[in-house]
Amino acid sequence: MTDSNITSAATAVIDVGVMDADDIRRALTRIAHEIVEKNHGADKIALVGVLTRGAPLAERLAKLLQQIEGTETPVGRLDIGLYRDDFSSNPAGSPRISPSDIPFDVTGKRIVLVDEVLFTGRTARAALSALLDMGRPASIQLAVLIDRGHRELPIRPDFVGKNLPTGRGEHVQVCLQEVDGIDRVVIKKAS
Numbered sequence: 128m129t130d131s132n133i134t135s136a137a138t139a140v141i142d143v144g145v146m147d148a149d150d151i152r153r154a155l156t157r158i159a160h161e162i163v164e165k166n167h168g169a170d171k172i173a174l175v176g177v178l179t180r181g182a183p184l185a186e187r188l189a190k191l192l193q194q195i196e197g198t199e200t201p202v203g204r205l206d207i208g209l210y211r212d213d214f215s216s217n218p219a220g221s222p223r224i225s226p227s228d229i230p231f232d233v234t235g236k237r238i239v240l241v242d243e244v245l246f247t248g249r250t251a252r253a254a255l256s257a258l259l260d261m262g263r264p265a266s267i268q269l270a271v272l273i274d275r276g277h278r279e280l281p282i283r284p285d286f287v288g289k290n291l292p293t294g295r296g297e298h299v300q301v302c303l304q305e306v307d308g309i310d311r312v313v314i315k316k317a318s
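So this is what it looks like as structure tokens:
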């Protein structure tokens with residue numbers, strides 16, 4: 128074995144499966160029911176998915192809310208690239224910016240912000256700032272598929288698919304059919 132093989136073998140990444148497609152479906156169904164319960168129905172809410180993977184989760188939740196309540200829930204997509212607090216220190220340079228698409232007025236609405244993973248809280252903070260630049264919602268609630276802890280800001284989700292205690296050095300990867308071609312959640316650990 129050469130030195131490079133030893134190094135790569137010593138730093139190999141192990142994927143530990145956490146959720147499969149059925150687990151994700153069940154978690155989103157539960158979140159949809161919790162949204163309905165907390166808001167006494169779905170007729171006064173709108174969903175805003177944080178790009179990239181929060182947006183398809185918001186679309187899925189809207190379909191579930193339609194099935195549960197029989198009402199159509201407006202859905203928007205929010206890019207937070209320019210609102211991140213690590214914008215200037217990003218080693219990859221400028222963030223990739225995608226257009227936000229919020230086809231409704233957020234003012235006075237109960238907004239459910241949707242993202243795939245809540246970690247430090249910095250993405251949620253950026254999303255709040257971006258959303259508040261568009262108007263003044265009546266309220267903003269946060270729905271996440273995974274809450275992995277390690278908060279750096281005082282942000283708490285209202286709806287959680289799965290609490291997943293992790294180490295700071297671990298990485299939680301959410302793959303969604305709409306973006307990645309498969310539904311699964313894995314923890315990436317260095318061996």
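For the sequence shown, the working numbering begins at 128 and goes up steadily by one. Don't be surprised by glycine CBs; every beta carbon is placed ideally from N, CA and C. Note that this is a predicted model, so its numbers are computed, not measured.
Residue nearest to residue i in terms of C-alpha spacing, selected from the options
i: Ala185; options: Gly203, Gln193, Gly168 and Glu199; result: Gly203
i: Gly181; options: Leu192, Leu280, Asp142 and Leu269; result: Leu269
i: Ile162; options: Val233, Asp150 and Leu191; result: Leu191
i: Thr234; options: Ala265, Asp242, Ser227 and Ala257; result: Ala265
i: Glu196; options: Asp170, Tyr210, Val175 and Arg187; result: Asp170
i: Gly158; options: Leu240, Asp206 and Val177; result: The sequence given here has Ile at residue 158, not Gly. Comparing Cα positions, the closest option is Leu240.
i: Ile282; options: Val177, Leu255, Asp260 and Ile229; result: Leu255
i: Gly262; options: Thr293, Ile229, Asp242 and Pro292; result: Ile229
i: Gln300; options: Leu259, Tyr210, Asp242 and Ala257; result: Asp242
i: Pro226; options: Val177, Gly168 and Asp150; result: Val177
7 Å CB neighbourhood of residue i in its chain, flanking five on each side removed
i: Asn166; result: Ile172 and Arg237
i: His160; result: Ile195
i: Tyr210; result: Ala253, Ser256 and Ala257
i: Glu297; result: Ile314, Lys315 and Lys316
i: Ile133; result: Unreliable positioning characterises Ile133 in this predicted model, as indicated by a pLDDT of 42, which lies under 50. The coordinate reading is nonetheless provided below. Once the five neighbours on either side are set aside, Ile133 has no close Cβ partner at all.
i: Cys302; result: Ile309, Asp310 and Arg311
i: Ala189; result: Leu174, Thr200 and Val202
Identified DSSP bridge partners for residue i
i: Ile224; result: DSSP output for Ile224 lists no bridge partner at all.
i: Arg204; result: Gly176 and Asp228
i: Gln72; result: Residue 72 lies beyond the stretch modelled for the chain, which goes from 128 to 318, so this question has no answer here.
i: Asp274; result: Leu245 and Asn290
i: Val143; result: Ile314
i: Arg237; result: Ile172 and Ser266
Cut-off 6 Å between Cβ atoms - residues of its own chain near residue i, not counting five sequence neighbours on either side
i: Pro201; result: Ala173 and Phe231
i: Asp274; result: Leu245, Pro284, Val287 and Asn290
i: Gly144; result: Val313
i: Glu305; result: Pro183
i: Ala148; result: Asp310
i: Gly308; result: none
i: Asp150; result: none
i: Arg187; result: Leu155
Sequence-distant residues of the same chain with beta carbon closer than 8 Å to residue i, five excluded per side
i: Asp212; result: Arg249, Arg252 and Ala253
i: Thr247; result: His277, Arg278, Glu279 and Leu280
i: Ser135; result: Confidence at Ser135 is low in this model, with a pLDDT of 47, below 50, so its placement is unreliable and the value that follows should be read with caution. Closer than 8 Å at Cβ, skipping near neighbours: no residue.
i: Ala154; result: Met146, Leu272, Gly288 and Lys289
i: Leu258; result: Val175, Leu205, Val233, Ile238, Leu240, Pro264 and Ile267
i: Pro292; result: Arg275 and Gly276
i: Thr198; result: Gly168, Ala169, Asp170 and Leu192
i: Arg295; result: His277
i: Thr179; result: Ser225 and Val306
Min CB distance residue i to chain D below 9 Å
i: Leu269; result: No chain D is present in this structure, which holds just one protein chain.
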